[in-house]
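In my numbering, the protein residues as written are 115 to 560.
Before any comments, here is the structure.
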């Protein structure tokens with residue numbers, strides 16, 4: 115223990131020196147990352163040092179500049195993604211699509227005082243019918259002769275962190291926020307989905323190897339002026355993260371979700387971006403949604419691998435969902451493996467995942483917008499303009515996803531993704547649904 119304390123103390127001095135010499139947090143972050151890779155610090159210890167150093171720098175800068183603490187504590191962030199997106203179906207009635215698209219996000223967070231935070235993020239996007247921007251995509255297509263494009267409110271929240279001890283953590287968030295529920299895939303939620311409501315997150319760290327996290331949330335899906343029964347979603351998730359050895363770590367989670375007043379989720383009340391659910395003649399989902407969701411993963415980290423910078427992680431993960439409210443087509447599952455982790459200079463990542471999500475396993479408007487297949491005609495009561503042919507993400511899809519990424523710099527990642535998919539139940543029955551989707555991405559973070 116004494117040796118560990120001496121180590122952390124020396125690292126603290128080195129980190130402080132890094133700030134004085136380099137004058138910015140990026141060098142400190144790189145130093146801490148290297149110490150974690152070398153096994154000198156745990157991830158938790160590095161995060162604690164990073165937070166303490168940020169506070170010390172902010173205090174010193176505020177005193178010298180004369181600005182209030184909350185002004186100097188403003189943190190800006192953002193990213194730009196440029197994409198080529200090609201969709202090709204084997205159905206002879208389909209039309210191949212080639213699109214150049216982009217997504218821009220810019221955000222700011224303000225720590226008003228200890229434990230209180232306000233966040234804001236703007237994002238590009240395209241209108242979804244008569245509503246605002248697409249809830250599960252910030253993509254904007256290059257089209258319409260260079261017409262001016264839309265910018266939407268992507269995040270707007272207030273957060274209070276009353277628990278911030280070594281063992282306990284706790285936070286309450288209200289507003290439009292990052293999704294608090296964690297999963298190894300996008301089978302349940304697209305990464306761009308930013309729900310609106312209230313969330314509570316608690317964590318307990320037993321020791322340097324084991325921790326538990328509890329995520330609770332209630333989200334408004336719509337507010338109907340002509341009804342007292344608004345559709346809402348509630349959820350609870352318990353997660354256990356464990357570091358068994360220097361090389362082996364695991365993650366396990368179990369969650370339960372429920373959508374109330376799903377009969378109000380007709381096509382005219384919420385954005386109708388995805389497909390897959392069985393719907394009644396009024397356009398509402400035919401079955402309720404109260405699924406149980408479980409996920410797990412194991413990571414083995416090599417000390418080094420070829421010319422990869424730092425430790426090399428290999429992760430195997432999977433998840434499963436079952437919606438007992440639907441009599442059939444009520445399951446979903448995925449399994450995947452990844453090698454490496456892009457995001458740092460010289461790092462690369464190679465990943466593969468198989469997924470099947472049946473039609474009524476989950477509400478169609480939540481899953482990933484990139485994972486879909488070809489509909490020759492729309493499903494009954496789906497709400498699209500007849501015949502409703504075309505690429506359809508959501509539920510009722512299965513297939514493969516391969517991805518290769520490389521980061522020449524910390525701020526730049528280049529990726530190629532390929533999806534090979536088909537519908538679980540073709541529409542109409544017997545029609546060809548196999549689809550290939552190819553995406554080339556360039557992501558710049560700042």
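C-beta atoms are modelled at their ideal positions from N, C-alpha and C, and glycine is treated no differently.
Distances from the alpha-carbon of residue 316 to those of 232, 322, 352 put 352 closest. The criterion of a C-beta distance shorter than 8 Å is not satisfied by residue 155 and residue 145.
Here the C-alpha atom of residue 460 lies approximately 6 Å from the C-alpha atom of residue 423. In terms of Cα proximity to residue 542, the closest of 356, 341, 492, 476 is 492.
Going by DSSP, residue 509 is part of no beta strand (DSSP E) at all; its letter is neither H nor E. Under the three-state reduction of DSSP, residue 376 is assigned to helix. C-alpha of residue 552 to C-alpha of residue 230: approximately 42 Å in a straight line.
Boundaries of the beta strand (DSSP E) around residue 430: 426-436. Rounded to whole angstroms, the separation of the alpha carbons of residue 438 and residue 405 is 7 Å. Closest by C-alpha distance to residue 510, out of 500, 447, 501, is 447. Under the DSSP definition of a beta bridge, residue 265 partners with 238. Residue 161 sits in a helix when the DSSP states are folded into three classes. The Cβ atoms of residue 489 and residue 504 lie closer than 8 Å to each other.
Counting only residues of its own chain and dropping the five nearest sequence neighbours on each side, residue 354 has a CB closer than 6 Å to the CB of 326, 366. For the set 335, 209, 381, 195, the Cα lying nearest the Cα of residue 217 is the one of 195. In summary, residue 306 is buried, with 16 or more beta-carbon neighbours lying within 10 Å of its beta-carbon over all protein chains present. If you look at residue 307, you'll find it isn't in any beta strand (DSSP E); DSSP assigns it neither H nor E.
A direct Cα-Cα distance of roughly 21 Å separates residue 270 from residue 349. Its chain contains 344, 345, 346, 347, 373, 379, 384 as the residues whose beta carbon lies nearer than 8 Å to that of residue 335, once the 5 sequence neighbours on both sides are disregarded; these appear in chain order. Here residue 226 is exposed: its Cβ has fewer than 16 other Cβ atoms, across all protein chains shown, within 10 Å. With three or more CB-CB distances shorter than 8 Å, the stretch 198-218 counts as touching the stretch 249-262.
With contacts defined as CB atoms closer than 8 Å, residue 381 and residue 497 qualify as a contacting pair. Counted as a single uninterrupted DSSP element, the beta strand (DSSP E) harbouring residue 468 occupies residues 462-471. Taking C-beta atoms as the reference points, residue 469 and residue 452 fail to come closer than 8 Å. Contact between residue 495 and residue 394 holds, since their C-beta atoms are separated by about 6 Å, short of 8 Å. Judged by DSSP secondary structure, residue 418 falls outside any beta strand (DSSP E); it is assigned neither H nor E.
Looking at the DSSP output, residue 199 sits in a beta bridge with 213, 553.
The beta carbon of residue 519 lies closer than 6 Å to those of 456, 463, 527, 529 in the same chain, with the five residues before and after it left out. Under the three-state reduction of DSSP, residue 231 is assigned to strand. Less than 8 Å divides the Cβ of residue 221 from the Cβ of residue 234. Within the DSSP secondary-structure output, residue 530 pairs in a beta bridge with 518, 554.
In the three-state DSSP reduction, residue 499 falls in the coil class, being neither helix nor strand. Taken through DSSP and simplified to helix, strand or coil, residue 329 comes out as strand.
Leaving aside the five residues that flank residue 324 on each side, the residues in its chain whose CB is nearer than 6 Å to its CB run, in chain order, 356.
Nearest to residue 425 by alpha-carbon distance, out of 501, 555, 458, is 458.
Out of 183, 165, 188, 208, the CA that lies nearest to the CA of residue 501 is found in 208.
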